[in-house]
Amino acid sequence: MTTPLTLTEAAATRVGLIAQKQGKPAVLRLSVEGGGCSGFQYKFDLDEGAEADDSVSETAGVKLVVDPLSLELVAGATVDYVESLGGAAFRVENPNAAAGCGCGSSFGI
């Protein structure tokens, strides 16, 4: 059994605002693709809903959905939304990542 993902309140609030502006459901899809400076990179998209085999986590009415292949690489992760002097972005705190890069959008296992 894989450990579920967590969507923080800050991330849920931001997804909700983006979805409302775009007239879409508040469903954030996290996927992992090959690439980036550390081997894998995170990809975020608004989605219409979850697929039958997706893992689904919900915070404040906002769903975080992850496909089974990506879930193997991000199980137990927390998705947050942070604002700083350097800008604002979604950030994944991934306990499975053995290496990362300065930009925070790619990782290695």
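Residue 86 in the numbering used here is what sits at position 106 of the sequence shown, and the numbering runs on without skipping anything.
Note that the Cβ used here is the ideal one computed from N, Cα and C, for glycine as well.
Chain-order list of residues whose beta-carbon lies under 8 Å from that of residue i (same chain, five-residue window excluded)
| i | result |
| --- | --- |
| GLU31 | VAL45 and ASP47 |
Residues bridged to residue i (per DSSP)
| i | result |
| --- | --- |
| ARG90 | Outside the displayed range of the chain (-19 to 89) lies residue 90, so it cannot be described from this structure. |
| GLU31 | In the DSSP output, where bridge partners are listed per residue, GLU31 has none listed. |
| SER64 | GLY67 |
| GLY14 | PHE20 |
Cβ-based neighbour list, residue i, same chain, cut-off 7 Å, excluding 5 preceding and 5 following
| i | result |
| --- | --- |
| SER50 | LEU10, SER11 and VAL12 |
| ASP34 | VAL45, VAL46 and ASP47 |
Residue i - DSSP class collapsed to helix/strand/coil
| i | result |
| --- | --- |
| ALA57 | coil |
| ASN76 | coil |
| THR(-14) | strand |
| ALA40 | coil |
| GLY3 | coil |
Residues near residue i in its chain [Cβ-Cβ closer than 6 Å; skip 5 each side]
| i | result |
| --- | --- |
| GLY(-6) | Gly is not the amino acid found at residue -6; the sequence shown has Arg there. Here the set comprises TYR61. |
| MET(-19) | Here the model assigns MET(-19) a pLDDT of 47, short of 50, so the residue's position is not dependable and the matter cannot be decided. |
| ASP25 | ARG9 |
Beta-carbon proximity check, residue i vs residue j, cutoff 9 Å
| i | j | result |
| --- | --- | --- |
| LEU(-15) | VAL59 | yes |
| LEU(-13) | SER37 | yes |
| ALA6 | ALA(-8) | yes |
| GLU(-11) | ALA40 | yes |
Nearest candidate by alpha-carbon position, reference residue i, set the options
| i | options | result |
| --- | --- | --- |
| ASN76 | LEU(-3), ALA57, GLU63 and VAL7 | ALA57 |
| GLY29 | ALA68, LYS23 and LEU8 | LEU8 |
Heavy atom of the ligand ZN within 8 Å of residue i beta-carbon
| i | result |
| --- | --- |
| ALA(-8) | Annotation note on the ligand ZN: not contained in the displayed structure, which lists no ligands. |
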